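>
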Ligand code: NAD
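Residue numbers (the numbering used here): 31 to 588.
1. Measure from the alpha carbon of residue 113 to the alpha carbon of each residue in 126, 106, 90, then state which is nearest.
2. Using the Cβ count rule (16 or more neighbours within 10 Å means buried), how would you classify residue 593?
3. Can you tell me where the alpha helix (DSSP H) with residue 1 in it begins and where it stops?
4. Grab me the residues of residue 94's own chain with a C-beta within less than 6 Å of its C-beta, minus the 5 sequence neighbours each way, in chain order.
5. Please say whether residue 552 and residue 173 have beta carbons closer to each other than 8 Å?
6. Once the 5 residues before and after residue 45 are set aside, which same chain residues still bring their CB inside 7 Å of it?
7. Looking only at its own chain, which residues have a Cβ that is under 6 Å from the Cβ of residue 238, when we skip the five neighbours before and after it?
8. So does residue 313 have its beta carbon nearer than 7 Å to some heavy atom of the ligand GDP?
9. So for residue 210, helix, strand or coil by DSSP?
10. Grouping DSSP H, G and I as helix and E and B as strand, with all else coil, what is residue 310?
11. Answer yes or no: the CB of residue 489 versus the heavy atoms of the ligand NAD, is any distance below 7 Å?
12. By the three-class DSSP mapping on this structure, what secondary structure does residue 175 have?
13. Between the alpha carbons of residue 323 and residue 315, how many angstroms are there, rounded?
14. Can you list, in chain order, the stretches of the alpha helix (DSSP H) that have 4 or more residues and sit fully within the segment 281–348?
15. May I have the straight-line CA-CA distance separating residue 358 from residue 39, to the nearest angstrom?
16. Let me know the secondary structure DSSP gives residue 396 once reduced to three states.
17. Need the endpoints of the alpha helix (DSSP H) that residue 453 sits in, please.
18. Please list the terminal residues of the continuous beta strand (DSSP E) segment that includes residue 231.
19. Report the CB separation of residue 131 from residue 60 in whole angstroms; it is logged as a contact under 8 Å.
20. Under the criterion of a Cβ to heavy atom distance below 7 Å, does residue 376 qualify as lining the ligand NAD?
21. Should residue 296 be counted as a contact of the ligand NAD given a C-beta to heavy atom distance under 7 Å?
22. Apart from the five residues on each side of it in sequence, which residues of its chain come closer than 6 Å, Cβ to Cβ, to residue 160?
23. Closer than 8 Å is the cut-off here; do at least three beta carbon pairs connect the segment 270–289 with the segment 334–351?
24. Identify the residues that DSSP records as bridge partners of residue 508: which are they?
25. Identify the continuous alpha helix (DSSP H) that holds residue 251 and give its terminal residues.
26. Using DSSP bridges, identify the partner residues of residue 440.
27. Considering Cα atoms alone, identify which of 437, 570, 456, 539 is closest to residue 72.
28. Who pairs with residue 202 in a beta bridge, going by DSSP?
29. Check whether the Cβ of residue 83 lies closer than 7 Å to any heavy atom of the ligand NAD, and answer yes or no.
30. Following the continuous alpha helix (DSSP H) through residue 95, name the residue where it begins and the one where it ends.
31. Within 10 angstroms of the Cβ of residue 514, are there 16 or more other Cβ atoms? Answer buried if so, exposed if not.
32. Heavy atom of the ligand NAD less than 7 Å from the Cβ of residue 341, yes or no?
33. If you reduce the DSSP assignment to three classes, tell me which class residue 66 lands in.
34. Taking residue 204 and residue 226 to be in contact with their CB atoms under 8 Å, please state how far apart those CB atoms are, rounded to whole angstroms.
35. Roughly how many angstroms separate the alpha carbons of residue 210 and residue 376, rounded to a whole number?
36. Looking at residue 538 and residue 77, is the spacing between their C-beta atoms short of 8 Å?
Here it is, written out as structure tokens:
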């Protein structure tokens, strides 16, 4: 059974339907979601177990994957499996209300938390990079980031141009990978014309094939002409251009080409595997990386400096520039560019007011594999939240625009109070059989209460608590106590080793009363920690949300 499920790394596919491979849905759910992370439709490089985000893996090695699958197939409903950086290390007797899997990924003692030490340990086979939802088995393909990116572009429109409708506006970005690939579709959903630069034709092909990007231009002149014409006609359009951002961005500055918004989503948080230096032809990059990593990193650093210098020039040209959570600015500053932080990160610029209300990237996946289950849930949520304008627009557009990757799934930003409503509604749909098999409900680690990341989610907190990492640990402990189906704590996701600590959770909706009780607890507690964290930092929006939601926060001035 193990070989059939995961013997061939190029052909993994989660089982579909309602027949179980594991002993119950409690263990079938993590099994299917682990395998789904490695489905070639979902994972960027399944042969290396890499799901997305540079080197974010679902399991440490092929043997470790087999061992996790073997263990999940036999795991009982009063047992808990422990996974240490992608390797199953223990099964303990717990109880039926406890999580079935607990995961710790990529954690290092703080004074040792550097990329060089991490790579040394990784090469010794002792750890793996889990990114956020790669090692915690709730990545759902590029759609996962799509709603967040749409939300961010709309919020930027609202803030700078007085409307979330970006018709007639232009955006420049780079990076069309697992997550960066959401940018073109999110931009066109918001109405904009966007130019996306990527150095790897494979990334561009993938986005063309999944309809995330509309078209590819052969030259920079051609790309600019298409984007400018679309914006002039207020026609949404996304154009990919093959090129290196460290060449193309300075060239655009030199030509005086302005864009309304400028950002970047190359995987610069990990410059060795996620950023291609401009000096090296793309075809030779992998060879140099393997042969002389030190030289590769020097060249990557020079390119990142040139890339960010151009972004700072765009600020001077009057464009709204923001960092999109990949630590590009941090790497540029480390490379000697003093002015690297002269533009803000996207969280303080646009997302924090949402986090204060516990709003973040809520998602669910249909374990049946049947897209009709997601359609049923889409309809139910539109009926449940008639006044949520962004949700209504998103759920109206998403079914026509989003090609599912792997198990059908949906993401939708929801906040404290609404998440529990949505979770219970989904459980009820499973119970009455309108949804054909259980559903898992989880979220990104990029959420309001689950991450400490001073260059991203907790950049510029108003009480200066950016680097305090107690919060994500409390979030994970609370989700464990509340009975999530699996819970994870990771290090380094998004912005790289040394720069973040974050937690994830997934909870099963199998239509039972037990699931309803767990969903009620977990989906209240989890976003509740986001409201708590921001109330503690003194944000008025969070204090208001705490009062409205009746949260019990002993130290907050409620
Ligand atoms: P990925 O590794 O799948 O893709 C990176 C892409 O960048 C690849 O297609 C690569 O060819 C391209 N690239 C690398 N160097 C380039 C260069 N110099 N010029 C042009 N293209 C270049 O990574 P991903 O999953 O798309 O993630 C991208 C980054 O976004 C990561 O750093 C990740 O941590 C960050 N991220 C941000 C958010 C957010 O909410 N803002 C969320 C998750 C991740």
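Backbone N, C-alpha and C fix where the C-beta goes; we use that ideal spot for every residue, glycine too.
A quick note: this is a predicted structure, and the numbers were derived from the prediction, not measured.
Working from what's here:
1. Among 126, 106, 90, the Cα nearest to that of residue 113 belongs to 90.
2. Summary: the structure shown does not reach residue 593, with the chain confined to residues 31 through 588, and so no result is reported for it.
3. The displayed coordinates of the chain run from 31 to 588. Any statement about residue 1 would go beyond what the structure contains.
4. Excluding sequence neighbours, residue 94 sits near 116, 117.
5. In this structure, residue 552 does not lie closer than 8 Å to residue 173 by Cβ.
6. By the criterion of a C-beta distance shorter than 7 Å, residue 45 is surrounded in its chain by 51, 62, once the five residues flanking it on both sides are discounted.
7. A distance below 6 Å between beta-carbons, with the five flanking residues on each side excluded, links residue 238 to no residue of its chain.
8. The ligand GDP is absent from the structure shown, which contains only the ligand NAD.
9. It is coil, neither helix nor strand.
10. In the structure shown, residue 310 sits in coil (DSSP, three-state: anything other than H, G, I, E or B).
11. No, the ligand NAD has no heavy atom inside 7 Å of this Cβ.
12. Three-state DSSP puts residue 175 in a helix.
13. The alpha-carbon separation between residue 323 and residue 315 amounts to approximately 10 Å.
14. Segments of the alpha helix (DSSP H) lying fully in the segment 281–348: 301–304, 312–321, 323–346.
15. Taking the straight line joining both Cα atoms gives about 32 Å.
16. Reduced to three states, the DSSP call for residue 396 is strand.
17. Residue range 448–461 is occupied by the alpha helix (DSSP H) that includes residue 453.
18. According to the DSSP assignment, residue 231 belongs to no beta strand (DSSP E) but to the alpha helix (DSSP H) extending over 231–239.
19. Correct: roughly 5 Å between the Cβ atoms.
20. Correct: residue 376 has its Cβ closer than 7 Å to the ligand NAD.
21. Yes, the Cβ of residue 296 comes within 7 Å of a heavy atom of the ligand NAD.
22. The residues are 135, 136, 520.
23. Enough Cβ pairs lie closer than 8 Å, so yes.
24. Bridge partners of residue 508: none, in fact.
25. DSSP places residue 251 inside the alpha helix (DSSP H), whose first and last residues are 250–262.
26. Beta-bridge pairing links residue 440 to 394.
27. In terms of CA proximity to residue 72, 437 leads the group 437, 570, 456, 539.
28. Residue 202 is bridged to 225, 292.
29. Yes, the ligand NAD has a heavy atom inside 7 Å of this Cβ.
30. In the DSSP assignment, residue 95 falls within the alpha helix (DSSP H) that extends over 92–104.
31. Buried: at least 16 other Cβ atoms inside 10 Å.
32. Taking non-hydrogen atoms of the ligand NAD into account, the C-beta of residue 341 is found less than 7 Å away from none of them.
33. For residue 66, the three-state secondary structure derived from DSSP is helix.
34. Between residue 204 and residue 226, the beta carbon gap of about 7 Å places them in contact (Cβ cut-off 8 Å).
35. So the two alpha carbons sit approximately 14 Å from each other.
36. No, the pair does not count as a contact, with Cβ atoms beyond the cut-off.
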